[in-house]
Amino acid sequence: MPDFGLIAVAGIVGVGKTTLAEGLADILPGRVILEEYERNPFLAAEFAGQKGAALPSELFFLLSRARQLHKRSLAEDETVICDYLFDKNRLYARMNLDDDQLDVYRAVEKDIEPHLAAPDMVIYLQDSIENCLDRIVRRGRAYERTITGAWLRRLQAAYEELLQNWRRCPLLRIDCGRRDLRQKETVRRIARQLLCPI
4 MPDFGLIAVA GIVGVGKTTL AEGLADILPG RVILEEYERN PFLAAEFAGQ KGAALPSELF
64 FLLSRARQLH KRSLAEDETV ICDYLFDKNR LYARMNLDDD QLDVYRAVEK DIEPHLAAPD
124 MVIYLQDSIE NCLDRIVRRG RAYERTITGA WLRRLQAAYE ELLQNWRRCP LLRIDCGRRD
184 LRQKETVRRI ARQLLCPI
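If you count by the numbering used here, then the sequence shown holds residues 4 to 201, one letter each, in order.
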C-alpha cells in the first residue's frame with residue numbers, strides 16, 4: 004500500500020468517524036489519531052448549555068487537535084488516520100460561541116493554524132440524522148444525551164457548506180446509510196477507493 008499521508012475523517016456526531024478511522028488504521032496500515040473527548044473537563048457542561056462552558060471547551064479541543072496535528076508530531080513517510088477534520092473547529096465555534104467569545108477563539112486559532120499539517124485526503128461520512136441519533140443513544144455517552152436532531156441538522160448543514168467547494172485535497176464522500184463500518188470488508192472497499200477518489 005502507498006503512503007497516504009494524513010487522512011481526515013469528517014462528519015457529524017454519531018456518523019462513524021472513529022469506527023472508520025480505527026478500521027482504516029488496521030487495514031492500510033497506519034497510525035490513528037482520535038479526538039480527546041474524555042479529557043475535556045468542560046464538555047459535559049457545554050453540552051448541558053451551562054453559561055461560560057462553551058469557550059473553554061472549544062479552546063480545549065482547539066489546543067488538543069493542534070498538538071495532535073502539529074507538523075513536528077507527524078513523520079513524513081507515515082500514514083495517519085484522524086477521526087476529525089481540523090476545520091470542524093470553526094463549525095463548532097460558530098455554532099456554540101457568542102461574538103465576543105468567537106473573537107477570542109479566532110485569535111488563538113490564527114496563531115496555531117500555520118503550524119499544522121494539512122490533510123492529504125478527506126473522507127466525508129454522511130448518514131441520516133435518525134441513524135446518527137440511534138448510534139449516539141446506543142453508545143451511551145452521558146454528555147451526548149442533550150444532542151437533538153435539530154442540532155445535528157445545523158451541524159450537517161455547516162459541514163455541507165464547508166465541503167461543497169472543497170479543493171484543498173481529494174475528498175471522498177461515503178454514504179454510511181448503506182454501509183456497516185464495523186465490517187472489515189466494508190473498510191477494505193473504502194481503502195480501495197482511497198487509491199482513486201472520485
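Just so you know, even glycine gets a beta-carbon here, dropped at the ideal spot from N, CA and C.
Boundaries (first-last residue) of the alpha helix (DSSP H) holding residue i
i       : result
Ala-194 : 187-198
Ala-57  : 57-72
Ala-161 : 152-166
Thr-149 : Element bounds for Thr-149: n/a, residue is neither H nor E.
Asn-99  : 91-99
Residue i burial status per 10 Å Cβ neighbour count (16 or more: buried)
i       : result
Asn-92  : buried
Ser-76  : exposed
Gly-17  : buried
Met-4   : In this prediction, Met-4 scores a pLDDT of 46, lower than 50, which makes its location untrustworthy; no coordinate-derived value is stated.
Asn-99  : buried
Lys-113 : exposed
Asp-130 : buried
Lys-20  : buried
Ala-78  : exposed
Enclosing beta strand (DSSP E) for residue i [first to last residue]
i       : result
Asp-178 : 174-178
C-beta atoms of residue i and residue j nearer than 8 Å
i       : j       : result
Leu-23  : Leu-128 : yes
Leu-62  : Tyr-95  : no
Thr-189 : Arg-195 : no
Glu-147 : Ile-139 : yes
Ala-51  : Thr-149 : yes
Val-111 : Leu-72  : no
Asp-90  : Leu-27  : no
Spatial distance of residue i from residue j (CA atoms)
i       : j       : result
Tyr-87  : Ile-10  : 9 Å
Pro-122 : Glu-49  : 28 Å
Ile-201 : Leu-58  : Interpretation of Ile-201 is limited by its pLDDT of 46, a score under 50 that renders its predicted location unreliable; the figure taken from the coordinates is listed afterwards. Their backbone Cα atoms lie some 37 Å apart in a straight line.
Arg-36  : Ala-47  : Here residue 36 is Ile; the residue named in the question, Arg, does not match the sequence. One C-alpha to the other measures close to 22 Å.
Leu-175 : Val-125 : 6 Å
Gln-167 : Glu-25  : 26 Å
Ala-250 : Gly-14  : Past the boundaries of the shown model lies residue 250; the chain is included only from 4 to 201, so the question cannot be answered.
Lys-187 : Cys-172 : 26 Å
Lys-54  : Gln-104 : 12 Å
Phe-45  : Arg-192 : 38 Å
Asn-206 : Arg-170 : In the structure displayed, the chain extends from 4 to 201; residue 206 sits before or after that span and is not available.
Arg-185 : Val-83  : 19 Å
Gly-33  : Arg-70  : 19 Å
Gly-203 : Asp-29  : Beyond the ends of the chain as shown, which are 4 and 201, falls residue 203; an answer cannot be given.
Identified DSSP bridge partners for residue i
i       : result
Leu-128 : Ile-177
Cys-85  : Ala-11 and Ile-36
Leu-119 : His-73
Contact test: residue i Cβ vs the ligand GTP heavy atom, cutoff 7 Å
i       : result
Glu-112 : The ligand GTP is not part of the structure shown, which contains no ligands of any sort.
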